[in-house]
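If you read the sequence shown in this note's numbering, its first letter stands for residue 327, the second for the next number, and so on.
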Amino acid sequence: MERMYRLLIVDDEYHIVDWLAELFEEQEELNLEIYRAYLAREALEILGRVKIDIVLSDIRMPGMDGFDLADKITAEWPKAKIIFLTGYNEFEYAYKANQYQNISFLLKTDDDDVIFGAIKNAVKLLEEETRQLEFMREYAGMQKAVEWQFEKNMLASWLEKGNPAQYSEGIEATFFPFDSAKKSSILCIRVEMTGKSMLEQAKLAAAMQGLLQEMLFGKGDIGLLDMDSTHFLAVVQTRTEIPIMVYLREMLDEFSVAILESLECHVFFTLYEEPVPFGQLREKYEVLKLAAQDVADTGNLYGGRIVGRKEEESLLADNTMLVEDHLLKEKLKSMAELLEQGKKQSFFSVFEEIYQRILHVNSRHHYPAIEIFQYFSVMYLSLINRKNLVEKLAFQTALVKLMNLYDFKDWKEAFDYLRNLGELLFQEQEREQKSKNDAFLDAIKQFVQENLREDLSLTYIAQQLHYNPSYVSRLFKQLSGKNLSEYIMEEKMAYARKRLETCDDTIAAIALAVGFDSSQYFSVVFKKQTGMTPGEYRHRFR
327 MERMYRLLIV
337 DDEYHIVDWL
347 AELFEEQEEL
357 NLEIYRAYLA
367 REALEILGRV
377 KIDIVLSDIR
387 MPGMDGFDLA
397 DKITAEWPKA
407 KIIFLTGYNE
417 FEYAYKANQY
427 QNISFLLKTD
437 DDDVIFGAIK
447 NAVKLLEEET
457 RQLEFMREYA
467 GMQKAVEWQF
477 EKNMLASWLE
487 KGNPAQYSEG
497 IEATFFPFDS
507 AKKSSILCIR
517 VEMTGKSMLE
527 QAKLAAAMQG
537 LLQEMLFGKG
547 DIGLLDMDST
557 HFLAVVQTRT
567 EIPIMVYLRE
577 MLDEFSVAIL
587 ESLECHVFFT
597 LYEEPVPFGQ
607 LREKYEVLKL
617 AAQDVADTGN
627 LYGGRIVGRK
637 EEESLLADNT
647 MLVEDHLLKE
657 KLKSMAELLE
667 QGKKQSFFSV
677 FEEIYQRILH
687 VNSRHHYPAI
697 EIFQYFSVMY
707 LSLINRKNLV
717 EKLAFQTALV
727 KLMNLYDFKD
737 WKEAFDYLRN
747 LGELLFQEQE
757 REQKSKNDAF
767 LDAIKQFVQE
777 NLREDLSLTY
787 IAQQLHYNPS
797 YVSRLFKQLS
807 GKNLSEYIME
817 EKMAYARKRL
827 ETCDDTIAAI
837 ALAVGFDSSQ
847 YFSVVFKKQT
857 GMTPGEYRHR
867 FR
């Protein structure tokens, strides 16, 4: 999976920033999201709300020099790579830059290829650091799994009793960092673990907790508890008075990428948007679990979603009928996961295996066969109730037969019925998923069309719609066939053409209406898109 890197360009000379931004926006070799800052304070504002991977900065700026900025960048995002640009061959600055591990030094007079090469090298360094982390994490193994089992049992007991003092009597405080008097940040982690043994799941959970703890860089402590076979509750408490919520929100994508690359496991995170009191942890987890299940996706899980109070109300309103999971045999439990995840081919592969065994049963009173039928009934009814499918299916099949095994003349007829009903359920899920995907695409398009005047960065759009930026970028391209930035520019230019054809507004006014502060830059972009300047276009089509 190609990873996106965020590049922040900082210089008090506007034309330098715009030139560099255009240089990197036009290239296709690197997957970059570009941010521009014309003052150091603008750079700090951006760094305070999004994670930046690479900073390309002037070394001398009004109010703050590059090294002051570098200190603040390193404190906020320790892994960021910094490249200083200067107009002079200032060896004192070069010497000081070399004292930082994450800083390199370039001249503004260097060729475009040299500057682009420096960014490519920074990306290579980031990728190499990711590979080194992956190598270090391969030592998890059995010991880590056992340690995690101990830690998760402590966490489960703490969540159940609500009084860590009672539970931790006789246990050193260093073993258990969580305090019920403090609010916690909580996440639900939806994990693809179909077909994994209990030991493999424990090893994966231990490695995942260790990886996430490592990526907190000492900012807090995280505990991981498996709530069912595909969902984990993650509890995070900060070690200082500094809030950790912004860091968690911006790191969801990094968490997902690291787990995928290091553990070869697809995960999806849902994060509650504010710290939660101890007494509400279980309640909020259930909301996050609903949000994790209610996402538009075209295949493998990836990325994250922020859930606030409005989303919580909507989720609870749409899921009034919740059925407890039933833990039966491993084969059947895997089928429940496959049905839930919409994996039709794998589901019916397992079904066929069970079906062939059932055909050899002659007695109507064979209790293992009855148990299997009852499990299918519960599994199907659970999905039907939660998805409100009773009315849709009532005209296609007799649902009442799920509750009366003796309506069938033999086991073959009974399981043929279960197969047909399964087919109908997958059809409904496919329709529902398509509806979610269509709603996601429509929401993005509507937001863009209604906010053409704004600076429609990927991060801004994702924040407004409560999704992770990379998730929005990836899914929009999969569903629409084009990049989000390409669609945004098409909409801006289409609106600009319409205004040029139908009204007498100035070019500057039209430029502002589609989010360009500079009418000159708007004209350059317009000509690149249409082959004509705005004035030429108006003259031809009026």
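In this text, a Cβ means the ideal position worked out from N, Cα and C, and glycines have one as well.
Q563 is bridged by DSSP to D547. The segment 759 to 775 and the segment 812 to 823 touch, with no fewer than 3 CB-CB distances between them shorter than 8 angstroms. Under the 10 Å beta carbon count, K377 is surrounded by 16 or more other beta carbons and is classified as buried. At a Cβ-Cβ threshold of 8 angstroms, D547 and P503 count as neighbours. Y598 is bridged by DSSP to V633. Residue state for E339 is assigned as coil, using DSSP reduced to three classes. Here DSSP, grouped into helix, strand and coil, assigns Y693 to helix. In this structure the segment 528 to 535 lies against the segment 581 to 601, because at least three pairs of beta carbons, one per stretch, are closer than 8 angstroms. Burial check for S783: the Cβ neighbour count within 10 Å reaches 16 or more, so the residue is buried. Separation of K738 and V716 (C-alpha to C-alpha, rounded to the nearest whole angstrom) is 25 angstroms. Contact between the segment 846 to 865 and the segment 827 to 834 is present: three or more C-beta pairs spanning the two stretches fall below 8 angstroms.
With respect to the C-alpha of V449, the residue from V381, L731, D391 having the closest C-alpha is V381. Annotation: A788 to N730 spans about 48 angstroms, alpha carbon to alpha carbon.
The bridge partners DSSP lists for A769 come to none. Counting only residues of its own chain and dropping the five nearest sequence neighbours on each side, N357 has a CB closer than 8 angstroms to the CB of E328, R329, M330, Y331. Closest in C-alpha terms to R362, from the list D379, G374, D344, comes D344. Straight-line measurement puts the Cα of E473 at about 27 angstroms from the Cα of K610. D579 carries a helical assignment under DSSP once its states are collapsed to helix, strand and coil.
Two segments are said to touch when three or more pairs of C-beta atoms, one from each, lie closer than 8 angstroms; by this definition the segment 538 to 554 touches the segment 562 to 570.
Residues of the same chain with a CB within less than 8 angstroms of the CB of F734, apart from the 5 flanking positions on each side, are K727, A740, Y743 in chain order. Taking a contact to require three or more Cβ pairs closer than 8 angstroms, the segment 551 to 559 and the segment 628 to 640 do not qualify as touching. Here L365 carries a coil assignment [DSSP, helix/strand/coil]. The beta carbons of L578 and F595 sit about 5 angstroms from each other, so the pair counts as a contact at 8 angstroms.
Per DSSP, R823 is one residue of the alpha helix (DSSP H) stretching across 810 to 828. Around the CB of M468, fewer than 16 other CB atoms lie within 10 Å, so the residue is classed as exposed. Of H692, Q755, H686, the smallest CA-CA separation from K718 is found for Q755. A straight line joining the alpha-carbon of L665 with that of E454 spans about 39 angstroms.
E355 sits in coil when the DSSP states are folded into three classes, being neither helix nor strand. Rounded to whole angstroms, E351 and I360 show a C-alpha spacing of 7 angstroms. With contacts defined by Cβ atoms closer than 8 angstroms, R864 and L826 form a contacting pair. When the alpha-carbon of Q722 is set against those of N746, V704, N711, the nearest one is in N746. A distance below 6 angstroms between beta-carbons, with the five flanking residues on each side excluded, links Y681 to the following residues of its chain, in chain order: F741. With respect to the C-alpha of K522, the residue from I408, P388, K615, K659 having the closest C-alpha is K659.
Less than 8 angstroms separates the beta-carbon of I441 from that of L432.
Contact between V572 and R375 holds, since their C-beta atoms are separated by about 7 angstroms, short of 8 angstroms.
The beta carbons of F604 and S506 sit about 4 angstroms from each other, so the pair counts as a contact at 8 angstroms.
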